[in-house]
Amino acid sequence: MILFCVILAAYVAQSQLTQYVQSDLGYQQPYFIFYVAHSFFSLSFPLHLLYLTKTTGIPSSRYLSGLRLALARKLGKSSSVPSDLEYGKLCKLIFGLTVGVTCPAVLWYVSVVFAPISDVTALFNTNAFWAYVLSVTMASSSRSRIQWEWKKLVAVTTACGGVFAVVYRGAQSGPSEARSINTTGAGSTILGDTLALLSSVGYALYQVLYKRYAVLGQEGDPRPSPQSTDTAGAYQPLLTNGFEEGTLSPPQETEEDDDAHPNSAKPPFGFFPNFLTSMIGLTTLLALWIPIPVMNWLGVGEPFALPADWSTWAGVTLIASSGLVFNSGFMILLGVWGPVVVSVGNLLTIALVLASDTVFGNGSETITIWSLLGCGMIIGAFSILAIDVLRN
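In this text, residue positions in the sequence shown follow the working numbering: the first is -6, and each later residue adds one.
Encoded structure:
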């Protein structure tokens, strides 16, 4: 729960800093900010490894060896030769994760150009609903016996309704808040709304697939979840919140397998997802700079320009730093809680952003009964899901 509070605070900080840099400082280069922020993900794993070596005294080589074993077992190698890591499968996994994170973000940035920001915000935050629909649908098509649960369905729908109530409070504050950058007509608004909806569904799909295929059997242990429960002393995975792990995991290894690798340390809590987060950041750093000169040459968006002063550079760096904290924690919780609870919990940031606007900005001028009701709906929906998780 402490980690959850930290990522909520990081998201609010990132949102406020992004608004400050683009509005107050006038640096409107959303793709470059996105590129820098996602490239910062590459620091997640090195910082975690440095922290572990300094606080535990265990050499980094032991952690890296344990991570290698966990990756080999996760990617389908037999436990008899877990040291033979299949780099082809690893590259495919990292590429898929990078695409899954990048495409919804880019669609969101493009949708803002055509549709009112209120539409974009409301439609994108329906990803909590889509995460639940996709998780149940995909579980139904697999060996899982998960079925629809009215409690979760009501909670997710209520949370999405709360988002609409909060977002469209701006309609009472004047039409200027709802304008898009491009005001060419209804056709562009429909295009923007469609892109925002695709972004929402894509982000929900990424969360569900990440939980199914990119999470270890239990966080903090390289052993994968078992495919059956008829083995004595079978290893029990963490709560999966409505759907099973993916089928990439090989059969469970035995204690003899661990004894055969005495120089390996089992990946501690958060180590494996932070590795994946860093790989996403490294892929972004090496590959996603290419669209910047291409878009500049084609004249798409504003002409590219680096920050002109140190205050803008500092703002972009703080955006990236808060984004690093948020996404590192988000990836960890996604594996522990599952996409439904995490996506609904993430909607709490809407209430926190409203509160921070009230304290640090002029948000108090736009607070209505609908915004308060919407925040209450979001908080209530998350409480229902959180209590359900604790009980189970």
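Note that CB positions come from ideal geometry on N, CA and C, so glycine has one too.
Buried or exposed: residue i, going by 16 or more other Cβ atoms within 10 Å of its Cβ?
i     : result
Q12   : exposed
S376  : exposed
V293  : exposed
D17   : exposed
M(-6) : exposed
T130  : exposed
W101  : buried
K389  : Look at the range of the chain in this structure, -6 to 385, and you will see that residue 389 is not part of it.
R384  : exposed
W282  : exposed
Y44   : exposed
V334  : buried
G195  : buried
C368  : buried
W123  : buried
Y28   : buried
Following the continuous alpha helix (DSSP H) through residue i, name the residue where it begins and the one where it ends.
i    : result
N339 : 332 to 339
P260 : Run containing P260: none; DSSP gives neither H nor E here.
T150 : 143 to 160
T11  : -5 to 12
T48  : 37 to 49
N118 : Where N118 is concerned, there is no enclosing alpha helix (DSSP H), given that its DSSP letter is neither H nor E.
L60  : 53 to 67
V208 : Per DSSP, V208 belongs to no alpha helix (DSSP H) and is neither H nor E.
Taking only three categories from DSSP, how would you classify residue i?
i    : result
L279 : helix
S104 : helix
Y20  : coil
T361 : coil
A307 : helix
F33  : helix
P109 : coil
F297 : coil
D302 : coil
G292 : coil
S71  : Caution is warranted here: a pLDDT of 49 is assigned to S71, below 50, making its placement in the model unreliable, and no coordinate value can be reported.
L198 : helix
Roughly how far, in whole angstroms, is the beta-carbon of residue i from the beta-carbon of residue j, given that I think they are within contact range, below 8 Å?
i    : j    : result
A158 : L366 : 6 Å
G328 : V208 : 4 Å
V201 : L127 : 5 Å
T91  : T276 : 4 Å
S53  : G274 : Not a contact, Cβ separation roughly 19 Å.
L147 : V337 : Reading the sequence as shown, one finds Val at residue 147 and not Leu. Not really, about 12 Å apart at Cβ, beyond 8 Å.
S271 : S58  : S271 to S58, Cβ: 17 Å. No contact.
V113 : G185 : 7 Å
I325 : P260 : The Cβ separation is near 12 Å, so there is no contact.
Q7   : G316 : 5 Å
A30  : A313 : 4 Å
T119 : S193 : 5 Å
G154 : M288 : Contact doesn't hold; Cβ gap of about 37 Å is too wide.
F264 : L60  : 7 Å
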